[in-house]
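Have a look at the structure below, then the notes.
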Ligand code: MRU
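Residue numbers (my numbering): 1072 to 1419.
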């Protein structure tokens, strides 16, 4: 299993995803500011992994509080800093809200006990994420047939989570069952999560993978070389509209045109039950230099205007099913997702 992020006594260790696949370097964070910067700089990325990092960030921050006198102000400062890191990933806010609930339930405890409770909660969030991904794999693997060729976009794998992955978790589960399959990985400009991260992890697990440039998917579908598409999600609105890495919408439209299933795999913590549709999902705009340069080298003129939205929204009508840890949701998603959420609450 790939180590994405780990709590280690009073520090957090994460693999530096900017350096993969050529260098496997680990970064250590000793305080919440370092965790916040690691999220902003994409040392760690992928919605569930960002959530785990934020929970660890809160734990590190609270460990540094020296006196109960400023407890609430300090907690608020830590919370707001981590919340400002990346706006689209619902799991970031979900993990922070969960840490705040535990803080408020236990804030009468002695400081050292409260600190231990919060460290434990953050470690639980990490462990639960891995477990959730395994369950998602079990729910979704039946959607993949023996001999299928699967297109995926970005990296929704072990590196984007506490381990195993969401979209890649479903693929892993089908592969572990003995199905013969091939994954087509979109390279995913500009950060190249597909080329650098998805290919790296699948290759490590000996899952056959073929790298393609982002503009090739349509042609491969037209030639009958793709059987289905599976991606992860950063935030899913109540009616099923799904924000994921920029370019996901294009693959969904292409899949519909070619009569191919388009699946989203995501934990229930990615679903924003407060937002009815995708128009209200905040979309992160990143630094224009990420488009003007490749590996620090200009590929256009420095003054050229650039747009760099990091995510797009795929309307629910393009999504054949949403695979979660509680089962598979089919349209209409407001009903099916709410049922799955209640099923999890009843089982708790
Ligand atoms: O900008 P990133 O790399 O954080 O974007 C990641 C994605 O879009 C993933 O597909 C999504 O977070 C799901 S990860 C299980």
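Glycine residues also receive a C-beta, built at the ideal position from the N, C-alpha and C atoms.
- The alpha-carbon of residue 1390 is positioned some 11 Å away from that of residue 1336.
- Secondary structure at residue 1255: strand, using DSSP grouped into helix, strand and coil.
- Counting only runs of at least 3 residues, the region 1337–1370 fully encloses no beta strand (DSSP E) element at all.
- Distances taken from the Cβ of residue 1316 to the heavy atoms of the ligand MRU include one shorter than 7 Å.
- Distances between the C-beta of residue 1264 and the heavy atoms of the ligand MRU include at least one below 7 Å.
- Just so you know, the alpha carbons of residue 1090 and residue 1096 end up roughly 7 Å apart.
- For residue 1257, the number of other beta carbons within 10 angstroms of its own is at least 16, and it is reported as buried.
- Residue 1216 and residue 1152 have their alpha carbons spaced roughly 45 Å apart.
- Taking 8 Å as the cut-off, the Cβ atoms of residue 1347 and residue 1310 count as close.
- Per DSSP, reduced to three states, the secondary structure at residue 1122 is helical.
- Residue side-chain check: residue 1270 keeps its Cβ at 7 Å or more from all non-hydrogen atoms of the ligand MRU.
- Taking residue 1303 as reference, the option from 1202, 1419, 1222 with the minimal CA-CA separation is 1222.
- A direct Cα-Cα distance of roughly 10 Å separates residue 1250 from residue 1242.
- The Cβ atoms of residue 1109 and residue 1085 lie closer than 8 Å to each other.
- In the three-state DSSP reduction, residue 1383 falls in the strand class (E or B).
- With three or more CB-CB distances shorter than 8 Å, the region 1111–1128 counts as touching the region 1147–1161.
- Between residue 1285 and residue 1259, the gap from beta carbon to beta carbon is short of 8 Å.
- Residue 1333 is bridged by DSSP to 1300.
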